[in-house]
Every structure is written in structure tokens, then in C-alpha cells.
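For reference, the structure is listed below as C-alpha cells.
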Amino acid sequence: MGKPVTIVVGSQIWVENPELVWIDGEVINIKGEDAEIQISNGNKVVAKVSKIYPKDMEMPAGGVDDMTKLSYLHEPGVLCNLATRYESNEIYTYTGNILIAINPFQSLSHLYDTVMMERYNGVPFGELGPHVFAIADAAYREMINEGKSNSILVSGESGAGKTETTKMLMRYLAYLGGNAAAEGRTVEQQVLESNPVLEAFGNAKTVKNNNSSRFGKFVEIQFDKRGRISGAAIRTYLLERSRVCQISDLERNYHCFYLLCAAPEQEKEKYKLGDPKSYHYLNQSNCYQLDGISDEHNYLSTRRAMDVVGISVVEQEAIFSVVAAILHLGNIDFANGEDNDSSVLKNDESLFHLQMTAELLMCNPRALEDALCKRVMVTPEEIIKRSLDPHGATVSRDGLAKTIYSRLFDWLVDKINVSIGQDPSSKCLIGVLDIYGFESFKTNSFEQFCINYTNEKLQQHFNKHVFKSEQEEYTREEIDWSYIEFVDNKDVLDLIEQKKGGIIALLDEACMFPKSTHDTFSQKLYQTFKDNKRFIKPKLTRSDFTIVHYAGEVQYQSDQFLDKNKDYIVPEHRDLLSASKCSFVAGLFPSLTEEAAKSSKFSSISSRFKLQLQHLMETLNATEPHYIRCIKPNNVLKPAIFENINVVQQLHSGGVLEAVRIKCAGYPTYRSFFEFLTRFRILAPEVLKMDFPENEACEKILEKMGLKGYQIGKTKVFLRAGQMAELDAKRALMLGDSAKVIQRRGRTHITRRKYVSIQEASICVQSFCRGELVRKLYKLKKRVNAVVKIQKTARKRLARKDYIKILFSSVVLQTSLRAMVARDELRYRVKVAIIIQTGLRAMAARDAFRYRVNAAVIIQTGLRAMAARDAFRCRVQSKPRVIVQTDLEKAEGEEATKLESSVQANKLKILPKKSQVLKKMLKRSKFLLQKLKI
């Protein structure tokens with residue numbers, strides 16, 4: 001992998017990390033074989049110098065679009081470049097002419113629209129950025145210009161985007177070679193529309209992928225002399241038959257079963273179908289629906305695609321009748337019969353599903369039951385009919401379902417090929433291979449063995465192609481490469497496919513013996529390959545075995561190898577279905593005589609698959625290959641997540657790092673003369689002064705550095721693994737020494753300038769400080785004077801304020817006291833006045849009363865005297881006199897006048913007396929007032 005020769009203190013490197021696989025850091029100390037490293041997360045680690053790799057500090061911030069442009073072509077450099085580009089949604093990267101495609105797990109429609117197709121159309125490879133269209137365009141242009149067939153190999157693990165990448169390739173090839181003015185169904189339309197049909201019957205949801213292809217596919221697109229698509233053919237490999245009857249949790253069976261269960265009600269009623277949860281072949285998993293995907297819509301799309309590829313309505317009805325029959329067949333359960341070794345239908349529900357299966361397959365229900373529950377053994381003497389127990393009947397049922405589905409899938413592929421049609425006059429084709437990637441699970445069975453065998457064959461082809469590309473580069477530059485050793489995986493392939501003593505040969509041999517079991521097969525493997533370094537016997541198992549593949553060790557469980565390898569149809573099943581009244585079903589199972597005429601030898605899945613693979617490799621070897629390696633960046637299937645461990649594992653299994661290893665076996669780093677001199681001229685500046693040609697100047701520099709094994713080409717310098725790191729290390733040392741000299745001179749100059757500057761600054765600071773001190777002293781004195789004045793004014797103001805306050809308080813106090821005294825005197829005077837007024841009023845009232853009494857007495861006395869006189873006069877005169885009223889009134893008037901005059905006389909007599917009394921009372925009141933004051 002191009003390990004560095006020289007690592008020095010200060011080198012930027014990559015070191016292993018258990019979480020990130022590789023993490024960058026800086027070497028801070030080296031002691032013998034150990035290096036102390038300050039990694040980017042702040043921690044310090046110690047690692048062996050031999051296990052660290054240099055980091056390219058001159059790599060652009062967005063990474064490079066071609067790995068061969070990396071200065072250091074090793075695993076951490078490749079991983080860092082892919083991660084950097086993925087962060088900016090650059091999902092495509094070249095490694096030479098190999099395209100690495102990382103699944104973005106999001107829609108990037110702008111990368112695949114018509115504008116992008118027009119942009120890449122006819123552009124030389126490498127002028128534009130990496131893209132799947134660039135690979136397809138290069139294959140098409142090479143086919144047109146050189147008249148040679150090409151192939152595009154798309155590989156990767158489940159969920160890496162192989163299926164979508166294949167669709168984009170076929171779309172672009174249809175764009176380049178399509179007939180725009182053609183009427184009806186064109187070849188390219190049929191090729192594109194074959195994808196939904198094959199996906200419906202050959203794809204399923206797995207734990208890693210919602211649309212995983214469970215078969216390999218090689219599409220041959222044929223072109224005429226004008227470069228137009230004239231025909232096509234589809235080859236399929238190793239359909240996963242066991243999925244029909246057995247699925248794991250969180251997975252689904254093939255899409256077609258769920259599509260049919262989501263069909264319109266009238267069609268479901270015709271096939272007597274219900275919810276997917278009610279069928280044994282579907283309810284082994286709790287996953288029935290895919291997020292964001294409508295099975296009902298996909299069913300209609302599949303029917304339309306069938307119309308396009310030329311499958312008639314009658315054939316479509318027959319196809320879905322067979323699919324429905326398989327669902328009903330899976331619901332047939334068995335119970336023990338009268339004998340423990342026999343079986344019968346378990347209940348009425350099983351009888352219903354049996355009748356529906358027979359109705360859909362158009363065969364006899366009784367014959368179907370016998371075919372499931374019984375076996376016929378032919379001996380020279382007689383024909384024996386043997387009953388199967390419930391377990392055997394269940395195995396027979398599942399075997400029939402797998403056989404029917406496998407034959408149906410093969411018929412679909414053949415029908416599509418016949419409908420599309422091949423062009424016998426075509427001499428050029430472009431093949432697109434969409435095949436499963438390397439697989440290693442907790443449980444690895446026969447399917448994983450065949451898949452990994454396929455990947456070993458493709459990896460050998462890939463290695464040869466990469467080595468050939470390197471040879472072409474060396475030949476163009478006219479350098480010697482004859483001593484470079486090509487290391488491939490032939491030993492693994494011999495272990496698997498060797499005609500005598502290979503695993504496949506031993507498996508076929510075990511299948512031909514009735515008494516063979518997986519234990520005897522495993523023991524045979526252990527004995528045969530005990531000395532093979534690629535074969536390992538696990539310690540804690542009796543029948544497992546491990547193969548050391550190019551991508552790592554895989555442990556296989558052999559308990560089902562024999563059953564899955566047998567390419568054998570039960571005669572009762574064949575007889576039953578070949579006698580079907582439905583011509584479609586009968587056509588899936590030709591009569592024994594026709595089939596026996598094709599082959600009279602023992603047939604197995606592995607042998608047939610090996611033969612198919614040989615034909616595929618012959619086709620690929622006859623074409624110019626182009627490689628696309630699809631990478632799944634994370635296992636949660638979400639965008640913007642790049643898991644280093646997952647990606648590195650796929651780089652190993654996809655052969656990308658193997659290609660790097662092959663490049664490192666030769667000259668992994670090569671630079672043009674100009675680039676080399678620009679980078680390393682500092683190592684020998686005297687060479688540039690002598691005005692040598694560029695190639696000689698490069699050679700002089702390399703000689704001065706003491707390197708060996710490099711080669712000088714026509715335009716480039718080719719360096720062996722580690723030599724670029726050694727040159728960079730020496731360059732770093734020289735740059736470090738030069739930097740130290742520059743730093744010393746620079747520090748001297750800076751220090752002197754700093755001293756002069758400090759001296760001038762100190763003088764300036766001193767002057768400023770002195771002036772500042774004087775200013776502060778003056779300011780202080782000024783403040784003292786101001787404070788004294790302020791204190792004086794403040795004290796004066798406070799004293800005046802206190803005086804005014806005291807004055808105001810005394811005035812208020814005096815006012816209050818005077819008011820109190822005035823109020824007391826007023827109260828006294830009021831009281832005295834009231835007393836005097838009371839006495840005076842009482843005295844006046846007594847005087848008035850006495851006056852009135854005296855007046856009344858006087859009036860009464862006068863009136864009585866007047867009456868007496870009058871009476872007296874009358875007696876005296878002796879004359880009687882009549883007293884009239886007028887006389888009385890006259891007498892009363894006179895009396896009143898007299899009385900009034902007497903009253904006035906009395907008043908005049910009384911007033912002097914009153915004045916005297918008042919005077920006495922005033923004197924007495926004054927005396928009392930004086931007494932009260934005292």
C-alpha cells in the first residue's frame with residue numbers, strides 16, 4: 001500500500017483508530033520503532049512507524065476527482081478523499097478509469113436530467129467531472145470509433161445503488177442510440193421497461209436495502225452500424241429461490257406477491273386473495289409495506305411495463321394466476337394421517353387453499369394432494385407409492401413453490417428477450433452487468449457461496465484489467481515493467497472450481513450419493529483441503545468451513561448445501577403441472593422426453609451456475625471493460641452520514657483497495673517533469689542553475705537523493721512505493737532547516753527592531769509620565785483649593801440653613817404660644833362676658849318683671865279707684881243716671897291717659913336707679929377679672 005520510508009518529527013500522518021479506522025495527526029517524537037503522535041482530537045497515541053502513513057497536505061480542500069492524482073495512494077488517503085467529496089455531494093470519484101459511486105440516499109435529479117446528458121455527450125473521458133454518464137459515453141464512443149464491444153460492470157453490496165446506477169446507464173445509452181422518429185414500441189423502450197418487470201419478480205426488501213436484486217443480470221444492448229440500438233438480450237444468474245418460502249424478519253418476499261395483494265378488488269376477488277398477513281409465505285416477517293412506496297401504484301406500473309415489453313393480457317393473467325397459486329399453496333398445512341408416516345390436510349382452510357391452488361393452476365385437486373403427500377418409487381419389480389409424513393409433505397410443498405416461481409421467472413426473462421428481439425447482424429454491443437457484491441453475514445449458506453464465487457471471478461478479471469491498464473501506461477512512457485509481478489486470486493478460484501477436487505466438484509459428488517449428508521460433505525472438505533491456506537476448519541463447529549476470499553474470511557454453514565444444490569424436479573410435480581389444462585402452466589414444465597433430450601447427465605445448481613459464469617467471463621473477456629464500484633456509506637440508509645468502517649470494508653470487498661495494491665506493486669506515483677521539478681527543485685537548486693533538460697534534471701535530483709528503482713519515462717517520472725514519501729520527508733527536512741535559518745535571521749532583525757522600538761517608546765513613555773505626574777500634581781492642588789472653597793461655602797450655607805431653621809422654629813413656637821395664650825384669654829373673656837351677660841340679662845328680666853307687676857298693680861288700683869269714685873258720685877248725687885256705652889268708653893280713655901302718664905313718671909324714677917346698679921356690676925366684674933388674673 002505504499003508505506004513510507006521516512007517519517008520524521010513534525011510529519012503529518014494517518015494512524016489507525018478503532019472508531020474512525022484512520023485519524024490524522026502529527027508526529028511529536030520518535031523512539032526507535034515507536035512514534036508518539038498528537039492526533040486531531042487532542043489525544044496522544046503511540047504507534048509503530050511501520051503502521052502509519054503520510055498525509056498529503058497539498059490535497060485540495062474539496063478533494064481530487066481522480067485517486068491517481070493523490071500524492072500518497074494508500075487506504076487512509078483514498079478514504080479521506082471519498083469522505084471529503086461526499087460531504088459536498090460529490091458522489092462520483094475516479095480511480096483511473098474506474099468509477100466509484102457512493103449512494104447519496106437522496107434524490108439528486110439534477111445529475112441525471114437531459115441537460116446533463118447533453119453536457120457529457122461526445123466529451124472526451126476525463127474532461128468533465130466523474131459521472132456515470134461519462135463511463136457510458138466512453139464505452140459508446142469506443143464502440144463506435146474502434147468497432148469493439150464494450151461492457152460496464154456494476155458491483156457493490158446490497159443497498160449501494162447498483163440497480164439505480166444500471167438504470168442511469170441504460171437511460172443514457174438509450175439517449176445516445178435511440179430512434180427518436182420510430183413508431184410503436186422501440187427496442188430501447190422495451191429494454192428500459194423490462195426493469196420494472198424484472199424488479200417486480202426478482203427484487204425484494206432486505207435488511208440492507210428496500211429494493212435489493214436477488215439475481216444477477218447482464219443486459220446486452222446491440223447496436224447497428226450507425227450506432228443505433230437494434231436489439232437486446234437479458235441474461236440472469238442465480239435467482240434466490242429459497243426466499244419464496246422463507247424470509248427473515250424485517251425483510252419481504254418478492255415484490256410481485258405484495259403487488260398482487262394490492263391489486264384492484266375485482267382482481268383480488270378473482271384470485272381469492274386477501275391481506276398479505278394471512279399468507280404463510282408473507283407473514284414470516286412483520287414487514288408488509290415500504291415507506292413512501294405504493295404497492296397499488298406499482299402493480300399498475302408493472303402491468304403497463306408488461307404491455308410495453310410485449311406480454312399479452314392473457315399471458316399477464318396467467319402469470320398472476322401462478323403468483324396467486326403460490327400464495328395459496330403456502331397456506332396448505334398437513335397433519336398426521338392414520339399412520340404416523342402419512343399425512344393429510346390439516347383442516348378445512350387447508351382444503352380451501354388446495355382447491356384454489358388447483359383451480360388457478362388448472363389441475364386436478366386430488367392429483368395435487370397426492371403429489372404433495374406421496375412419492376412414487378419405481379423398482380425393476382414394481383411401482384411403490386410411499387406416503388410422506390407432515391414434515392416431508394411441507395418440504396414437498398415448499399419445493400413445488402420454489403420450482404414454479406423459478407420456472408416463471410425464467411419464462412419472463414425468455415419472453416422479454418423474444419419480445420425485444422436480437423439483431424443477428426449486429427457486430428457491436430455494450431453489456432451492462434448488475435450483479436450482487438461480496439456478501440458475509442452471520443449465517444452464510446449456498447447462495448452466499450455462489451455469490452462470493454462470482455465476485456472472485458470478477459475480481460480476477462478486474463485485477464487483470466487494472467494490471468493491463470498499468471502496462472499500457474508504462475508502454476506509452478517506454479519504461480521497463482517486465483519485472484513487476486502480477487498477484488491474483490487464482491488459488492481461491494482453484495479451491496472452488498477445480499474440476500477434480502474443487503469444492504463444487506465435491507458438492508456435486510456428494511449430491512449424487514443418496515446417503516450423503518452435510519456432515520459427510522464437510523468431513524470430505526476437511527480432509528481434502530487441510531493443507532490449503534485458503535481453507536480453514538472452524539474449531540467450534542462440525543460442519544462449517546471458512547474460505548479466505550480476497551475481501552476477507554467468510555464462514556459458511558453447509559447444512560443446506562446439498563438440498564439447495566440439487567437441480568431436481570420431483571417427477572410427481574412435473575407430471576402434475578405438465579398435464580395442466582392451462583397452456584401457460586404446462587409450458588413452464590415440458591414433458592420428460594423433451595427435457596431428457598437436452599441433457600442426460602446429472603445436473604446441479606452449482607455446475608449450471610459455473611457454466612453460466614464461464615460464458616459470462618468469455619463475453620466480458622471479448623469486450624473492453626469499464627468498472628463502476630457502488631458504495632453504501634452507512635447502514636441506516638440516510639443521507640449525509642459517512643461511516644468509515646463500513647466504507648473501508650466495501651473498498652476491500654469491491655476490489656478498489658486491491659487495485660491500489662496492484663498499482664503499488666508497480667509505480668503507484670508518477671508525476672510530469674514540470675510537476676516533479678516544481679515540487680522537489682529545492683532538493684537540488686544547483687541542478688536548475690545548470691539548465692539541464694527536464695528529464696535529466698529530474699534524474700539528477702533523484703540520484704542526489706540516493707533513490708533506486710525509479711524510472712524516467714517520456715513525459716513523467718515513475719516512483720516506487722514509498723519513494724514519494726521519502727522525497728517529501730527530505731523536502732520537509734530541508735524546508736525545516738531553511739525555515740530555521742530564515743527564522744534565526746528574522747528573529748534577530750525582529751528583536752533589534754523591537755529593542756530600538758522599546759527604547760524610543762520608553763523615552764516617550766518617561767516624558768509622558770513626567771508630564772502626566774506634573775499635570776496630576778497641579779490638578780491635585782487645584783482640586784485642594786477648590787475643595788477648601790467648597791467646604792467654606794458649604795459650611796456657610798449649612799450654618800445659615802441651621803440659623804434660618806432655628807429662627808423659623810422659634811417664630812413658629814412663639815406664634816403657637818401666643819396663639820395658645822390668646823385662645824386662653826379669649827376663652828376667659830368669652831366666659832366672663834357670658835357670665836356678665838347672664839347677670840345683666842337676669843337683672844334686666846327681674847327689673848322688667850317687677851316693672852310689669854307694679855304697672856299691673858297700679859292699673860288695677862287705678863281702675864278700681866275709678867270704679868269706686870264713679871259709684872260714690874252716683875250715690876252722692878242721688879239722681880240716678882243711666883250710663884251709656886259712650887260714657888264708659890270716654891271714661892276708659894281718660895283712665896288710660898292717666899295711667900300712661902303715671903307709668904312714664906315711674907320709668908323716669910326707675911332709670912337712674914338702673915344706671916346705678918349697672919355701674920356697681922361693672923365695678924364688680926373688673927374686680928373679679930383682676931382677681932382671676934392674679
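Mapping the sequence shown onto full-length UniProt numbering, position 321 (from 1) lands on 321, and the numbers just tick up by one.
Note that beta-carbon positions come from the ideal geometry of N, C-alpha and C, so glycine has one too.
query: Through-space distance from H280 to V344, alpha-carbon basis; result: 18 angstroms
query: T186 Cβ short of 7 angstroms to the ligand ZN heavy atom set; result: Within the structure as shown, the ligand ZN is missing, as the structure has no ligands at all.
query: Residue interval of the alpha helix (DSSP H) (run including C261); result: 255-261
query: Ranges of the beta strand (DSSP E) found wholly within the region 448-511, counting only runs of at least 3; result: none
query: C-alpha gap between E296 and V554, whole angstroms; result: 40 angstroms
query: Alpha-carbon to alpha-carbon, T838 and Q877; result: 58 angstroms
query: Opening and closing residue of the beta strand (DSSP E) in which C428 lies; result: 428-434
query: Exposed unless 16 or more other CB atoms sit within 10 angstroms - verdict on V884; result: With a pLDDT of 48 at V884, under the threshold of 50, the predicted position of this residue should be treated as unreliable, though the coordinate-derived value follows. Classification of V884: exposed, given that the 10 Å Cβ count is below 16.
query: Sequence-distant residues of its chain with Cβ nearer than 6 angstroms to S522 (five each side left out); result: S543, S558
query: Identified DSSP bridge partners for T546; result: I536, Q555
query: Three-pair Cβ contact test at 8 angstroms for the region 667-676 versus the region 715-730; result: yes
query: Nearest neighbour of H353, chosen from K272, G337, L388 [CA to CA]; result: K272
query: Entirely enclosed alpha helix (DSSP H) segments - the region 95-123, minimum 4 residues; result: 114-120
query: 6 angstroms Cβ shell around K268 - same chain, five flanking residues per side excluded; result: none
query: Inter-residue CB distance, V432 and V219 (contact presumed, cutoff 8 angstroms); result: 5 angstroms
query: Residue environment, R753, which counts as buried when at least 16 other CB atoms sit within 10 Å; result: exposed
query: Contained alpha helix (DSSP H) runs [length at least 4] in the region 689-752, N- to C-terminal order; result: 694-705
query: Candidates C428, N621, N417, G502, of which the one nearest N463 by Cα; result: N621
query: Three-state class that DSSP yields for F673 in the structure shown; result: helix
query: Rounded distance between the beta-carbons of N103 and T93, thought under 8 angstroms; result: Not really, about 13 angstroms apart at Cβ, beyond 8 angstroms.
query: DSSP three-state assignment for L345, whether helix, strand or coil; result: strand
query: Distance between A83 and G63 (C-alpha atoms, nearest Å); result: 9 angstroms
query: Whole-angstrom C-beta distance between E456 and V418, which should lie under 8 angstroms; result: Not quite, the Cβ-Cβ distance comes to about 33 angstroms (not below 8 angstroms), so this is no contact.
query: Bounding residues of the alpha helix (DSSP H) (the contiguous stretch that carries Q190); result: 187-202
query: Other residues of its chain near I605: CB distance less than 6 angstroms, five sequence neighbours each side excluded; result: N565, D567
query: For Q12, the three-state DSSP class (helix, strand or coil); result: strand
query: Distance CB(Q459)-CB(G655) smaller than 8 angstroms; result: yes
query: Nearest-angstrom Cβ-Cβ length linking L360 and A401, presumed shorter than 8 angstroms; result: The pair is not a contact, with the Cβ atoms about 13 angstroms apart (cut-off 8 angstroms).
query: Stretch pair the region 189-205 + the region 307-324: three plus CB contacts closer than 8 angstroms; result: yes
query: Burial state of C630, where buried means 16 or more other Cβ atoms lie within 10 Å; result: buried
query: Extent of the continuous beta strand (DSSP E) run through I28; result: 21-31
query: Cβ-Cβ separation, K632 to G159 (assumed contact under 8 angstroms), whole Å; result: 5 angstroms
query: Classification of S278 by the beta-carbon crowding that lies within 10 angstroms, buried from 16 upward; result: exposed
query: CA nearest to the CA of Y112, picked from F133, N121, F125; result: F133
query: Best match in R731, Y755, A725 for proximity to R681 [C-alpha to C-alpha]; result: R731
query: CB-CB length for T623 against N145, believed under 8 angstroms; result: 15 angstroms between Cβ atoms; not a contact.
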